[in-house]
Amino acid sequence: MKIQMYLIRHAKTKGNLEKRYVGTTDESICKEGRAQICEYVDAHIYPGVQAVFVSPMKRCKQTAAVIYPELNSQIITGLEETDFGMFEYKNYEELRYDPIYQQWIDRNGTMAVPGAESSEAFRRRIRFGFGKLMQACAEQQLEKVACVLHGGVIMELMQMYGMPREDYYYWQVKNGCGLAAEVEIENENFVISFRDWVRP
Numbered sequence: 642m643k644i645q646m647y648l649i650r651h652a653k654t655k656g657n658l659e660k661r662y663v664g665t666t667d668e669s670i671c672k673e674g675r676a677q678i679c680e681y682v683d684a685h686i687y688p689g690v691q692a693v694f695v696s697p698m699k700r701c702k703q704t705a706a707v708i709y710p711e712l713n714s715q716i717i718t719g720l721e722e723t724d725f726g727m728f729e730y731k732n733y734e735e736l737r738y739d740p741i742y743q744q745w746i747d748r749n750g751t752m753a754v755p756g757a758e759s760s761e762a763f764r765r766r767i768r769f770g771f772g773k774l775m776q777a778c779a780e781q782q783l784e785k786v787a788c789v790l791h792g793g794v795i796m797e798l799m800q801m802y803g804m805p806r807e808d809y810y811y812w813q814v815k816n817g818c819g820l821a822a823e824v825e826i827e828n829e830n831f832v833i834s835f836r837d838w839v840r841p
């Protein structure tokens with residue numbers, strides 16, 4: 642089974658504009674974010690698809706409704722953004738003098754954060770959620786789909802399953818943008834073969 646898949650990051654939120662760590666905070670897309678997505682729609686950067694999948698968070702559901710108003714979004718639990726714990730919804734200016742934050746920055750975000758979801762727990766959840774997504778594609782016999790997700794989720798998926806092999810931050814995408822890929826099952830594992838960037 643091969644599926645053409647477009648992994649799109651949700652539109653900007655108020656927290657994104659303020660450069661906050663927006664994880665479990667379930668905020669809506671902001672006026673600026675909606676306007677930007679509408680510009681991208683008018684520029685025809687988003688391909689037509691048979692179905693659209695989203696995380697349960699409002700920012701993903703609202704973005705999908707703007708990009709694909711003719712499709713009913715299918716919600717996949719498990720593909721929510723990570724929980725940033727004590728850093729949740731704070732930004733650099735608010736955290737810059739916190740010694741725990743400085744240690745986290747110095748270790749390139751690999752250190753455990755108090756109250757946060759662990760990296761391994763995040764990966765397990767993403768694997769589970771993506772498995773459900775692929776099962777839905779198989780049951781519905783879909784060949785071309787869009788997934789409106791979170792930046793961290795897209796990067797984690799590509800780090801785990803992406804080809805060519807690149808590090809986590811290589812797959813970082815801006816709000817409203819994403820990547821085009823082909824997904825298939827190989828040796829009982831998923832392979833997400835990168836094809837092109839989805840951006841203006």
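Residue numbers (this note's numbering): 642 to 841. We treat Cβ as the ideally placed atom computed from N, Cα and C, and that holds for glycine.
Sheet register partners of residue i (DSSP bridge)
i      : result
Asn732 : Arg661
Tyr647 : Ala787 and Ala821
Ile833 : Gly803 and Val824
Trp838 : Leu820
Thr654 : Ile670
Whole-angstrom C-beta distance between residue j and residue i, which should lie under 8 Å
i      : j      : result
Ile644 : Thr654 : Between Thr654 and Ile644 the Cβ distance is about 29 Å, and since that is not below 8 Å, they are no contact.
Gly726 : Val690 : No, Gly726 and Val690 are not in contact; Cβ-Cβ is about 35 Å, not under 8 Å.
Val789 : His685 : That belief does not hold up - the Cβ atoms of Val789 and His685 are roughly 17 Å apart, past 8 Å.
Gly719 : Arg766 : 5 Å
Phe835 : Met804 : 7 Å
Secondary structure of residue i, DSSP reduced to three states
i      : result
Ala779 : helix
Gln800 : helix
Ile686 : coil
Val695 : strand
Gln715 : strand
Ile723 : In the sequence on display, residue 723 carries Thr and not Ile. Coil at Thr723, not helix or strand.
Thr704 : helix
Val814 : coil
Cβ neighbour criterion (16 or more within 10 Å) applied to residue i
i      : result
Arg737 : exposed
Leu798 : buried
Ser714 : buried
Glu761 : exposed
Output the residue ranges of the alpha helix (DSSP H) runs that lie fully inside the stretch 739 to 774 and measure 4 residues or longer, sorted by chain position. 740 to 747
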